[in-house]
Amino acid sequence: MWHTEICMIDEILKELEQVQTENDLTAFHKNYLSKTGKLTMMMAGLKDLSPEQRAEAGKRYNELKRAVEIEFFKKQAFLKEQAVNEKLKNDPLIDITRPAINELQGTLHPITHLTRKVSEICRSMGFLIVDGNEVVTEFENFDAVNVPADHPARDMQDTFWLTNGKLLKTQTSALQHEILKKYGPVVSAIFPGRCYRNEATDASHEFSFFQCEGMMVGKDISIANLIYIMKTILSGIYGKEIEVRLRPGYFPFVEPGFELDASCPFCGGKGCSVCKQSGWIEFCGCGMIHGNVLKMAGVNPEEYQGFAFGFGLTRMAMMQYAVNDVRLFNSGNLEFLRGIKR
Ligand code: DAH
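Converting from the sequence shown to this note's numbering requires adding 14 to each position, the first position being numbered 1.
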């Protein structure tokens, strides 16, 4: 008896092939695959067979039922897709050519974005990216970078002193000492981070802002290395060739010290409102690390030299995104943040 049933399989599959609608498919399921369907019932008939026949037939029935089920599911998926396509084609309320409604998405804060960009460029040149503490000692922030005891920056007005005698770092230079001690004497690192200054805020002053410090120390490091690295960083950030020039400048932690200007990335040096028609923007302070700074960190200045630089990431973001009020960066104003094209 089971041989005839097996021969029926071709016909069952042919019948399934003919199915055109979901209703027909439901009927097909009821007829063959449901609890009372013919294929299920066929399994029930096995009990009348001899044990040997039962084993062989049972295996075969299972294979066949499975084969029908697979075709059934394929058909089901096909009909479903066809129905959706029909709906898309015929429903006058659905316009598949219409642009999608953009869900509101989070974005990186512009300063985070710039920090990552700078980090990527420096990492590609072998620099470490170091994340330092915001709370530092007076020694780290001032003494260790050769800031004299009577320097006005130590004044109560400029520094947020904590009750434990420590302070919120006023400059990323505060991390130089720790990094030199930890990774020196041969080290290249940048250390972007938040700085604090105890001052009144206005459109161009914030009590909290971001700087990025950099340092390269080793044997035979010279001003030529400094110029090359700064040129590479700046050209990478702005995606075009940037020229740099040095002017003498005073910072206690460097000797000689410089103010570094960059050719204006916004007008290419022709003169615009960002560079105040000069073709150059003041970019950062830098110089050859003072022997005292090296010595205090246990690096012998007779043997090793290095350069350091420190620029304002917040200031860079203001120029880059034409933001005229620095307070907006800390404002949590989502409309402002979303409006910035990174
Ligand atoms: N720390 C300085 C500031 O906050 C910036 C600076 C200048 C850093 C010269 C340096 C440097 O490393 O060499 O204004």
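Ideal Cβ placement from N, Cα and C applies to all residues, glycine included.
Boundaries cannot be given for residue 267, as no beta strand (DSSP E) includes it and DSSP labels it neither H nor E. Note on the segment 116-198: whole alpha helix (DSSP H) runs with a minimum of 4 residues are 124-138, 152-155 and 190-197, in chain order. Here residue 331 is not near residue 115, since their CB atoms are 8 Å or more apart. For residue 203, the closest C-alpha among the options 309, 144, 138 and 210 is that of 144.
Within the model, the alpha-carbon separation for residue 60 versus residue 78 is close to 14 Å. A Cβ-Cβ distance of about 6 Å is found for the pair residue 211 and residue 221, placing them in contact under the 8 Å criterion. Judged by their CB atoms, residue 191 and residue 158 are nearer to each other than the 8 Å cut-off. Secondary structure of residue 60 (DSSP, three-state): helix.
DSSP places residue 90 outside any beta strand (DSSP E); the residue lies instead in the alpha helix (DSSP H), whose first and last residues are 65-104. Annotation: residue 336 to residue 247 spans about 20 Å, alpha carbon to alpha carbon. In terms of CA proximity to residue 198, 232 leads the group 232, 176, 207 and 186. Take residue 338, set aside five residues on each side of it, and the residues of its chain with a beta-carbon closer than 7 Å to its own are 217, in chain order. With at least 16 other beta carbons inside 10 angstroms of its own, residue 313 counts as buried. In this structure, residue 272 lies away from residue 279, with their beta-carbon atoms at least 8 Å apart.
Here residue 227 really is in contact with residue 324; their C-beta atoms are around 5 Å apart, less than 8 Å. Counting only residues of its own chain and dropping the five nearest sequence neighbours on each side, residue 283 has a CB closer than 6 Å to the CB of 277 and 293. Taking all protein chains shown into account, residue 340 has 16 or more neighbouring C-beta atoms within 10 Å of its C-beta and is therefore buried. Contact between residue 150 and residue 183 holds: CB atoms are separated by about 5 Å, below the 8 Å threshold. At a threshold of 7 Å, residue 322 counts as near the ligand DAH, since its beta carbon sits closer than that to one of the ligand's heavy atoms. With contacts defined by Cβ atoms closer than 8 Å, residue 296 and residue 275 form a contacting pair. In terms of CA proximity to residue 235, 302 leads the group 42, 302 and 52. The shortest C-alpha to C-alpha distance from residue 90 to any of 33, 267, 137 and 54 is the one to 33.
Taking 8 Å as the cut-off, the Cβ atoms of residue 146 and residue 189 count as close.
Bounds of the alpha helix (DSSP H) holding residue 242 are 237-252. Distances from the CB of residue 299 to the heavy atoms of the ligand DAH include at least one below 7 Å. Comparing alpha-carbon positions, the option among 66, 82, 63 and 58 lying closest to residue 29 turns out to be 82. Pairing residue 186 with residue 207 gives a Cβ-Cβ distance under 8 Å.
By alpha-carbon distance to residue 205, the top candidate from 322, 307 and 106 is 322.
Going by beta carbons, residue 160 and residue 270 fall outside the 8 Å limit. In this structure, the CA atom of residue 94 is about 11 Å from the CA atom of residue 87.
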